[in-house]
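>
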Amino acid sequence: MSSTDTAAPFIHTISICGADWKHDKFSHSSPATNFAKWVEALKIYLSLLGLKSYVLAPLTSAPSTSSEPVMYCNWVVNNDLAHAIILMALDELEYEGLDKSKTVVNLYAQVKACAEGKGLVKMVALMQEILKIQCSLSEHLTAMAKQIVILSIVFLT
Numbered sequence: 557m558s559s560t561d562t563a564a565p566f567i568h569t570i571s572i573c574g575a576d577w578k579h580d581k582f583s584h585s586s587p588a589t590n591f592a593k594w595v596e597a598l599k600i601y602l603s604l605l606g607l608k609s610y611v612l613a614p615l616t617s618a619p620s621t622s623s624e625p626v627m628y629c630n631w632v633v634n635n636d637l638a639h640a641i642i643l644m645a646l647d648e649l650e651y652e653g654l655d656k657s658k659t660v661v662n663l664y665a666q667v668k669a670c671a672e673g674k675g676l677v678k679m680v681a682l683m684q685e686i687l688k689i690q691c692s693l694s695e696h697l698t699a700m701a702k703q704i705v706i707l708s709i710v711f712l713t
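Following the numbering used here, the numbering of the sequence shown begins with 557 at its first residue and continues without gaps.
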């Protein structure tokens, strides 16, 4: 254990009291909430709390657990706090499908991908469109397959 870690840790825990999210909660299904505006509000809020670098670049990376255990514990507490703030700023329906076990950087990346219609969201949309294609006995199988291929190209580009 380093003496600087225990005597004067570089990373201190951040505590907040009564810091409720005062902006609109993000919901990609609501036209009232614009993701870009939500991100700007989140940046300001995290900056005021001293947590912005846990979510957005330049990132505060996790210290070594063996050489800097106090700083590592403080980092975990701050990461969890930033994690909770992002979840608090989301509409409840938005965080149902998120993997909340990862770091706050991963959580933010998932929210961003969801808002931008990438990743799993894009794949689900593709599957929904493909399932809308109706099979008809009068239509040739190749015509239906062609529709599916066209949809795949549109969604995957």
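Glycine included, C-beta positions come from ideal geometry on N, C-alpha and C.
(1) Suppose you measure from the CA of H639 to the CA of E624; what does that come to, to the nearest Å?
(2) By DSSP's criteria, F566 is part of a beta bridge. Which residues make up the other side?
(3) Give a yes or no on contact between the region 601-620 and the region 654-670, applying the rule of three or more CB pairs nearer than 8 Å.
(4) What are the start and end residues of the alpha helix (DSSP H) that includes L602?
(5) According to DSSP, is L742 helix, strand or coil?
(6) For the alpha helix (DSSP H) that contains L643, what are its first and last residues?
(7) Under 8 Å Cβ to Cβ from F582, same chain only, skipping five residues before and after it: list those, please.
(8) How big is the Cα-Cα spacing for S622 and L598?
(9) Between M700 and I709, which are expected to be in contact by the criterion C-beta below 8 Å, what is the C-beta distance as a whole number of angstroms?
(10) For the alpha helix (DSSP H) that contains K656, what are its first and last residues?
(11) Output the distance between the C-alpha atoms of F566 and E596, rounded to the nearest integer angstrom.
(12) How many whole angstroms separate the CB atoms of G606 and I570, which I take to be in contact at a CB cut-off of 8 Å?
(13) How would you label P619, buried or exposed, when you count the other beta carbons within 10 angstroms and need 16 or more for buried?
Judging by the given coordinates:
(1) Near 22 Å, if we compare the C-alpha coordinates of E624 and H639.
(2) Paired residue(s): none; F566 is not in a bridge.
(3) yes
(4) F591 to L605
(5) This structure gives no information on residue 742, because the portion of the chain shown stretches from 557 to 713.
(6) P625 to M644
(7) Closer than 8 Å at the Cβ level, and outside the excluded window around F582, lie T589, F591, W594, A645, L646, D647, E650, V667 and A671.
(8) 33 Å
(9) No, M700 and I709 are not in contact; Cβ-Cβ is about 15 Å, not under 8 Å.
(10) K656 -> no alpha helix (DSSP H), and no H or E assigned at all.
(11) 27 Å
(12) Right, the Cβ-Cβ distance comes to about 5 Å (below 8 Å), so this counts as a contact.
(13) buried
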